[in-house]
Amino acid sequence: MLDLTHLSQQVPLWPGQARVLRLALEQHLAQLNGRSAQGQLTLLDALALKPLGRLHQQLTRLLCGPWPRHERRPGRPPRQRQWRLSFEELLLLNRLYCEGTLSRYLAAEPGAELVPLGGELHRAAHG
């Protein structure tokens, strides 16, 4: 089996971006579940189910913990968290972002949170 761990990337993430992305992933997984129940799941979607579930769990854990992870000193602005993504997770998120799949599940206003994150995902996937 090919080992691609050296291609893992860290993507900076704000709490608002994490919440919006988690919501979009929840809705996308629910839609895939519905299509699966009807027997209309494509091979590409079936292969994406496990990584999407892992991404959803990662985001849930990130959001349940303190943000930022370490206590910040008074007067210092909040920092982004570094989110470590495997190569396949990064490519999958980049594909869903570029296709517009993630923003399709969101109202116009929260979808704007995904624009900077999408740029970071695209940069990391091609970098």
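Here the working numbering is used: the first residue of the sequence shown is 318, the next is one more, and so on. Backbone N, C-alpha and C define an ideal beta-carbon position, used for all residues, glycine too. Since the model is a prediction, treat every value here as computed from it, not as a measurement.
- With distances taken between CA atoms, Arg378 lies nearest to Pro332 out of His439, Gly435, Pro332, Ala441.
- Gln348 is bridged by DSSP to nothing; it lacks a bridge partner.
- Within the DSSP bridge table, the entry for Leu360 names no partner.
- Classified as exposed, Asn350 has fewer than 16 neighbouring CB atoms from the shown chains inside 10 Å of its CB.
- Burial of Gly435 is indicated by the presence of at least 16 other C-beta atoms within 10 angstroms of its C-beta.
- A residue is called buried once 16 or more other Cβ atoms fall within 10 Å of its Cβ, and Val328 is buried on that count.
- Put simply, the backbone Cα of Ser403 is about 22 Å away from that of Trp384.
- Leu372 sits close to Glu406, with the two beta carbons spaced by under 8 Å.
- Each residue's CA atom was taken as its position, placing Gln374 and Tyr422 some 19 Å apart.
- For a cut-off of 8 Å, the C-beta gap from Ser325 to Arg401 is around 6 Å, short enough to register as a contact.
- The beta-carbon distance between Leu346 and Leu369, rounded to whole angstroms, is 6 Å. This is short enough to meet the 8 Å contact definition.
- Exposed is the label assigned to Leu380, since fewer than 16 other Cβ atoms lie within 10 Å of its Cβ.
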